[in-house]
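See below for the structure under consideration.
Residue numbers (this note's numbering), protein chains in the order written: chain A, 9 to 488; chain B, 11 to 112; chain C, 3 to 177; chain D, -1 to 625.
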């Protein structure tokens, strides 16, 4: 397709994001000003989101050969943009307090958002790879953004090496698939597989998929490719961690759902078996690692491993219900995670992030508002009724039941109980007697932005728990 | 002029890929790890070119170019980070970066 | 032609082995250049002359040079080589060796299982690549521009040295 | 007008929300204004909607606030169903609730947790309203658990005393036993009907099951389990007397007028299922009959004013269950309503007495209050008369008489039920007037320190009026023959058929009932006013029996013996027994896994990469083996 024949409106969200990052870069070149570039970033993210709301359609069209823009993609793009907006709002206060140069962060944030947004509308290996790498490369620098912190550097190099390493796996796998099928388009691969599936899939194809799963599994942070998660979560600045937990993983989940749907993954026992093993391992490993952990960021990292395992249940269930469940779960999961890391960001001081569980002791008595938000988020992660997390989990189970994935459902139920333990542990600590602690010097004005963001997130999260039907209908609308 | 079997090309790519992998696993020096990852990415690129040649399509080479782009950015960020780490830790030992664990 | 392929392939494999086993990083990088050159030949034989050129220009020419440049900036001394010697002991090899042999075995088995009829490398010239690149994959090219931008911004931020805030003498003492 | 239905539960909720969020900063005057005001508004809306409902003679009204979820066939909604049955319940809840709120404004005025009290109370009213308005069983269950939680919070309201906390936990745990049965019943219902909408189930059940079907029986018994727990019936009645640890208004509202009758509501609501399971009906009747007698005798021996009332409540709910068991649905609901009036009145009056006497609960240390507290005396007298069902003038007579009559003459009735009910009526009358005589007659034993003010008197007077007048809306065949109440309920609850040969003797039954009630009063007067020494003699001559009744027929001891002791015993014979080992093992296993996995989390980069490679190899091998 020639450039001139591409309908600009089709890819406008992407173009807007690109433009925004360019404007951000230019504005840095002219004058460094944190407030200005923050305004540019939030403004453009908001603009993209409003555009998506106004022009969002649920009819699907393709921009050959790379992209397909359909309701699912549009919905998740909106979610991603909104999450980036929230992350960017949380970032302002966080970076304002630190002496590092802050401005480049926003360019990287916009680029990473772009990468993730491209990922969710990909229908081709090339766009998959490019979206993924834009996201990854922007993230390397974001993770290591606070250069003076050893932990941040360490997390950055770990993330970089492992990401590049697993990208190599992904690429090699894609090459094998391409060598076997002669196409890099998801749909064509599916057609090819259909045509040969009678005498079993060719080994080369299976090997290709296996190696691709390594790359994808890394990005999702599922077992056994999960080991980087806690270290990177711990080392990265809190807003960046929020970003990794949500936008980065979410984009990959959606891509996986799309790919899996196009190749009719449920029909191939090998693929289903692989993902079943991964899902079960992730749930158990994530939860078991979390139970004795005392670092809140790491607890959330382990919990995210388990949550991705839960998500794979709906993914394996497939079908319309499965996709709905994934979409709903992602919304709830995004809201809660950004909220939880937002709380960590608020409480962090210049030296280090508030990650030790002792930092939260007696929080209810010093900062009742923040503690309430955090409690709400943790309850949602634990899946307590009347939170978004509960409805999400319920949705997952419903989709699993309809696909009769009994083993996975039982494992999910068992793990929900295990998970309860460590979420409640944090809440219990917050209700504890406060240790003699000098009240955190929260800078009032900065703090206000964060607090408002967090309160909005919590209200949304509870709203989707009390009245999820509006969102469910909206999702169903988009997925038609 | 080209009678080279695709299989041979893929085999070569596979061997190089595993060699790169060995490099990542055995070297403690972060620069060596980065170099080894480059070898793996290069091997993946080779595999794409082989596949492209098999189907007589330019897509394989296109993908190779994108891999090249990615490898270049990867290396530049990686080296910047290594510089930073060397200033912080005064070492290039990958195993020394284990402040975070558990 | 086939024989050239095998020779180039063998050189690539051998020099890559040298890369991962050298103690002196500069030597290793030189072997890496050799490996890239051999691979470029392979690309050429496989019918991808454009890729061959890029391999030399970008990989051998730019990336390796970049790495060497950084090594010079780090100003690694002779101890670095000794350190490498200490790190690269036989017991470090065992685990990775087992894993790699299993992986290699599986890969070779899988790749060899491919049906060979009609899978002959064919020529795809630079013109076709260019047409494809700036035709159907044009959006990909745009995106790779963004990819580079992310790399540059990141490298700029991370690589920038800290402002020297303390006095020169003091800093010397500290080092 | 009816579109405002959602306001009824919402207003108390809003009140609770305001009190919880701003409670500590509100002035002492504002707290009851918000707390009682919101319930009062809710009562007002109920009156308006009720008027509208009756004047337009609607059969039912449905209001969906919002669809909660609609996933894979399960689609519970926050939807309300208003029909005559729920209208009567919301009327009682909001109206009696409002009076009790007004009363509490004065009663609780000196308490530190003033705002907290009203917040809980409002939350309770909201949950109770949701329970009775729910159109599906999920929402009903939500309200069901909500009232349980509020009851827990309010019993333990004075949490600084350990025994209150104990009572709260006991109530929570004992009712939980019933709730579990009920939850299982709900799952079975969903499995059978693929819906939990009450109306749909009611419509489908007769088609799905024949009368006497086993599934219907099991489900009915499971639902009965929930009802028995909540309504403190045999064998789960033991929590209610202890629940008197809460403040008196709480006892009046939750443990007399509203929550404890949730079981009655549940059975009436799902009566279609019970009608399909005659055995379950019989069980309901037996439970009711047994409970009313046992609790009645237990009430005879109590010293604590409030505990007498608690046992009396259990006993009166026994009457309702008995009525349900013989299929006299509307009679049960009628008795519920009347009971709510006079029992709330009695509790509030008792609370006023206790408050007046410096938190003295022991009736034997009271006495002679007739002159000191005239308003309390007269209202208490009216309430007591209604409870004892003194003929003609009290509302309790009309409601209880109907039950007595139908246990004999109803198509499911029999002579045994009737005799039990009669015995119960006799005992009721004795303990009621024993309570009255001991408290208000005789010599003054404790000094009155606090005379209740207008805020407490007015609710008492209103309730006294209701306890008298409300009975005249349903008069028996033999005189008046007025059936406003049962006609009103007839679209929801079928009328009971009367066996023909009994119709002629209805007046005789009434005469007997009246005679029994009056003779009960006489006996009480004999023992406690005319010859007080007689009661002591009796007590000492039948000391064991007295003790047995005093302890509530030894149920607590029995449970202590049957469940608690063996449990403690099992736990203590050997702290490392198998069950403990099992749980220890689970914990150890979890910790072991944790350590193993933590070990992999070494922080060393190459190790992580090794993990990825191993994962890759595993996936490849999986593909090779299965491919």
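Each residue gets a CB set at the ideal place from its N, CA and C atoms; glycine is no exception.
Check: Bounding residues of the alpha helix (DSSP H) (the contiguous stretch that carries residue 487 (chain D)); Outcome: 482 to 487
Check: Close beta carbons around residue 373 (chain A), own chain, < 7 angstroms, minus the five adjacent residues each side; Outcome: 442
Check: Assumed close pair residue 58 (chain B), residue 137 (chain A) - CB separation to whole angstroms, cut-off 8 angstroms; Outcome: Contact doesn't hold; Cβ gap of about 10 angstroms is too wide.
Check: Selection from A:382, A:408 and A:358 that minimises the alpha carbon distance to residue 325 (chain A); Outcome: A:408
Check: Inter-residue Cα distance where the pair is residue 172 (chain C) and residue 286 (chain A); Outcome: Below a pLDDT of 50, predicted positions are generally treated as unreliable, and residue 172 (chain C), at 49, falls in that range; no measurement from the model is reported.
Check: 9 angstroms Cβ cutoff, residue 148 (chain C) in contact with chain A; Outcome: yes
Check: Contact residues within the region 86 to 101 of chain B, judged by C-beta distance below 8 angstroms to chain C; Outcome: 86, 87, 89, 90, 91, 92, 93, 94, 96 and 97
Check: Sub-9 angstroms separation of residue 69 (chain D) and residue 329 (chain A) beta-carbons; Outcome: yes
Check: Boundaries (first-last residue) of the beta strand (DSSP E) holding residue 62 (chain D); Outcome: 59 to 65
Check: Per-residue DSSP class, three states only, for residue 531 (chain D); Outcome: helix
Check: Given 8 angstroms, three or more beta-carbon pairs between the region 175 to 194 of chain D and the region 216 to 228 of chain D; Outcome: yes
Check: For residue 79 (chain D), the residue or residues it bridges with in DSSP; Outcome: D:60
Check: Residue 31 (chain B) at chain D interface by Cβ criterion, 9 angstroms; Outcome: yes
Check: Cβ-Cβ separation, residue 60 (chain C) to residue 82 (chain B) (assumed contact under 8 angstroms), whole Å; Outcome: 7 angstroms
Check: Between the CA atoms of residue 75 (chain D) and residue 469 (chain A) - distance to the nearest angstrom; Outcome: 19 angstroms
Check: Helix, strand or coil at residue 617 (chain D) [DSSP, three-state]; Outcome: helix
Check: Chain A contacts from the region 66 to 96 of chain D (Cβ-Cβ distance under 9 angstroms); Outcome: 66, 67, 68, 69, 70, 71, 72, 73, 75 and 76
Check: Alpha-carbon spacing of residue 82 (chain A) relative to residue 133 (chain A), whole angstroms; Outcome: 19 angstroms
Check: DSSP-derived helix/strand/coil call for residue 130 (chain A); Outcome: strand
Check: Exposure label - residue 59 (chain D); buried when at least 16 CB within 10 Å; Outcome: buried
Check: Member of C:5, C:25, C:157 and C:20 whose CA lies at the smallest distance from the CA of residue 83 (chain C); Outcome: C:25
Check: Helix, strand or coil at residue 1 (chain D) [DSSP, three-state]; Outcome: helix
Check: Beta-carbon proximity of residue 340 (chain A) to residue 399 (chain A), cut-off 9 angstroms; Outcome: yes
Check: Neighbour list for residue 622 (chain D) in chain C, Cβ cutoff strictly below 8 angstroms; Outcome: 108, 111 and 112
Check: Secondary structure, alpha helix (DSSP H): runs of 4+ residues fully inside the region 258 to 294 of chain D; Outcome: 260 to 267 and 269 to 273
Check: Chain-ordered residues of the region 596 to 617 of chain D with a beta carbon less than 8 angstroms from chain B; Outcome: 596, 599, 600, 601, 602, 603, 604, 607, 608 and 611
Check: According to DSSP, residues forming a beta bridge with residue 473 (chain D); Outcome: D:480
Check: For residue 302 (chain D), three-class secondary structure by DSSP; Outcome: strand
Check: Short-range partners of chain B found in the region 84 to 102 of chain C, where Cβ spacing is below 9 angstroms; Outcome: 85, 86, 89, 90, 94, 95, 97, 98, 99, 101 and 102
Check: Through-space distance from residue 290 (chain A) to residue 316 (chain A), alpha-carbon basis; Outcome: 7 angstroms
Check: Residues sharing a beta bridge with residue 364 (chain A), DSSP; Outcome: A:303
Check: Sequence-distant residues of its chain with Cβ nearer than 7 angstroms to residue 68 (chain B) (five each side left out); Outcome: 62
Check: Beta-carbon separation (whole angstroms), residue 142 (chain A) vs residue 152 (chain C), contact threshold 8 angstroms; Outcome: 6 angstroms
Check: Cβ of residue 39 (chain B) within 9 angstroms of any chain G Cβ; Outcome: Of the chains in the structure shown, none is chain G; the protein chains are A, B, C and D.
Check: Strand pairing of residue 408 (chain D), partner residues [DSSP]; Outcome: D:496
Check: 7 angstroms CB neighbourhood of residue 48 (chain B) in its chain, flanking five on each side removed; Outcome: 81 and 85
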